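First the structure, in the form of structure tokens, and then the observations on it.
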Amino acid sequence: MKIGIVFGTRPEVIKIAPVYLKAKEKEINVVAIATAQHREMMDMMLKVFDMSPDYDMNIMTANQSLNSVAAKVLVKLEEIIKEEKLDWIFVQGDTTTAMAGALSGFHMGIKVGHIEAGLRSGNLRDPFPEEMNRRVIDQVSDLMFAPTKNAKKNLLKDGFSKDRILVTGNTVVDSLIYVQEKFDLDSIRKQYTSEDDYILVTLHRRENWGEKMKNILEGIKKFSIEYNLPIVFPVHLNPKVRKVVNEVLGEYDKAILLEPVDYISFLSLLKGARIVASDSGGIQEEAPSFGKFVVVCRNTTERPELIESGYGILAGTEKLSVFKALVKGFNVKVDKSRNPFGDGKASIRILEAVL
Ligand code: UDP
Numbered sequence: 001m002k003i004g005i006v007f008g009t010r011p012e013v014i015k016i017a018p019v020y021l022k023a024k025e026k027e028i029n030v031v032a033i034a035t036a037q038h039r040e041m042m043d044m045m046l047k048v049f050d051m052s053p054d055y056d057m058n059i060m061t062a063n064q065s066l067n068s069v070a071a072k073v074l075v076k077l078e079e080i081i082k083e084e085k086l087d088w089i090f091v092q093g094d095t096t097t098a099m100a101g102a103l104s105g106f107h108m109g110i111k112v113g114h115i116e117a118g119l120r121s122g123n124l125r126d127p128f129p130e131e132m133n134r135r136v137i138d139q140v141s142d143l144m145f146a147p148t149k150n151a152k153k154n155l156l157k158d159g160f161s162k163d164r165i166l167v168t169g170n171t172v173v174d175s176l177i178y179v180q181e182k183f184d185l186d187s188i189r190k191q192y193t194s195e196d197d198y199i200l201v202t203l204h205r206r207e208n209w210g211e212k213m214k215n216i217l218e219g220i221k222k223f224s225i226e227y228n229l230p231i232v233f234p235v236h237l238n239p240k241v242r243k244v245v246n247e248v249l250g251e252y253d254k255a256i257l258l259e260p261v262d263y264i265s266f267l268s269l270l271k272g273a274r275i276v277a278s279d280s281g282g283i284q285e286e287a288p289s290f291g292k293f294v295v296v297c298r299n300t301t302e303r304p305e306l307i308e309s310g311y312g313i314l315a316g317t318e319k320l321s322v323f324k325a326l327v328k329g330f331n332v333k334v335d336k337s338r339n340p341f342g343d344g345k346a347s348i349r350i351l352e353a354v355l
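full-length UniProt numbering puts the first residue of the sequence shown at 1, with every later residue one more than the last.
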């Protein structure tokens with residue numbers, strides 16, 4: 001039995017790495033297949049986990065369209081599936097890499113496993129294209145690895161048979177445990193900031209590009225001024241993000257603007273933060289492990305568990321709504337012991353399901 005694991009972006013590597021490493025440890029035949037949809041950020045992450053892909057499609061081009069990414073992955077993966085005689089393709093999450101990877105496996109008649117299945121916003125076009133990607137992947141998956149019971153409920157509601165769904169926990173918790181065992185996060189954080197208390201910010205989502213991102217940043221800046229808390233912000237490489245960040249925070253002396261940091265450094269910053277403001281999906285799942293409250297700068301979240309368990313709040317994208325959400329979150333005491341996203345054993349559950 002041979003499994004191909006496909007990935008192309010930073011968050012995918014974080015969430016497939018523990019599955020890949022566990023498969024190697026158990027001597028399961030596994031092939032790591034990189035599309036490199038986001039070249040630099042994917043590579044940065046592979047180093048953390050000492051992973052080197054068996055195949056690297058190297059598809060990224062400047063201003064690539066979603067169709068060009070999908071088309072390249074569909075065709076190139078077909079060749080690899082044939083050459084390696086794969087039995088399973090595992091994809092993770094909701095990227096175009098994952099969608100095309102799953103579809104390529106489906107076309108070739110091999111089994112498809114979807115890691116982190118069942119997340120739903122309820123609106124096919126928002127977030128774009130992720131929500132459509134999730135749904136397409138689930139349609140062609142033989143096994144859907146739901147991170148939470150809520151994700152399983154979404155899949156049942158969509159009409160999938162319960163035999164195709166397994167609640168595993170989110171592999172991100174497996175990754176966090178790996179990292180905390182291997183690295184001293186507190187001393188790594190000192191390379192970036194000597195501040196003890198700060199707002200950790202990340203923003204990157206396509207749905208927030210432009211005016212919305214400007215409003216969010218203004219809300220964060222207002223909070224930073226009124227509560228005298230500095231901002232620590234590793235800024236995404238996308239020029240559309242950088243332009244707005246520079247406009248709002250470029251001259252602000254309490255903003256520490258960093259290049260995107262590697263995963264370990266990011267976790268060290270997360271561990272040291274007073275509060276988090278972000279539109280990231282992955283960070284919503286990581287923060288509870290460190291007992292941090294997340295102000296989600298969006299109108300919706302596919303991780304309602306975060307809000308339900310008291311670890312976060314939906315802030316919207318207006319200056320005042322973001323400011324008010326930060327004030328509210330600042331006063332919440334978070335209980336670190338109730339992590340709604342997993343127990344660190346998701347990878348082994350996933351592998352045992354296909355053995
Ligand atoms: N992250 C990182 N360096 C950074 C910012 C974020 O390693 O400078 C990590 C973070 O810990 C999380 C992941 O990247 O696991 C989230 O990626 P992103 O926000 O790009 O994507 P999303 O999770 O929204 O799909």
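We put the CB at the ideal spot given by N, CA and C, even for glycine.
Only a predicted model underlies this, so the values are computations on that prediction, with no experimental measurement involved.
Annotation: the continuous beta strand (DSSP E) that includes M144 extends over 143-146. Using a 10 angstroms sphere on the CB of D138, the tally of other CB atoms reaches 16 or more, which defines it as buried. If you keep only unbroken beta strand (DSSP E) runs of at least 3 residues inside the segment 281-343, you get 294-296, 312-314. Membership of H114 in the beta strand (DSSP E) is indicated by the continuous run 111-115. With a 10 Å radius around the Cβ and a threshold of 16 neighbouring Cβ atoms, L270 comes out buried. At least 8 Å separates the beta-carbon of G316 from that of V173.
For F266, the shortest C-beta to heavy atom distance toward the ligand UDP is below 7 Å. Excluding the 5 residues flanking it on each side, E130 has same chain C-beta neighbours closer than 6 Å at D94, in chain order.
Straight-line spacing of the CA atoms in L351 and V19 works out to 7 Å. With a cutoff of 8 Å on beta-carbon distance, N133 and T193 are scored as not near each other. With a threshold of 7 Å, the Cβ atom of R10 counts as near the ligand UDP, since some heavy atom of the ligand is closer than that.
Secondary structure of G101 (DSSP, three-state): helix. Between I33 and I5, the C-beta spacing is below 8 Å. The Cβ atoms of T168 and R349 lie closer than 8 Å to each other. V31 carries a strand assignment under DSSP once its states are collapsed to helix, strand and coil. Between M57 and V31, the CB-CB gap reaches or exceeds 8 Å. With contact defined as three or more Cβ pairs closer than 8 Å, the segment 247-262 and the segment 214-227 are in contact.
Going by C-alpha positions, A98 is about 5 Å away from V91. Nearest Cα to Q64 within the set F233, N238, V112: N238. Around the Cβ of N67, a 10 Å sphere holds fewer than 16 other Cβ atoms; the residue is exposed. For A62, no pairing in a beta bridge is given by DSSP. By the Cβ-count criterion, N246 is exposed, with fewer than 16 other Cβ atoms from all chains shown falling within 10 Å of its own Cβ.
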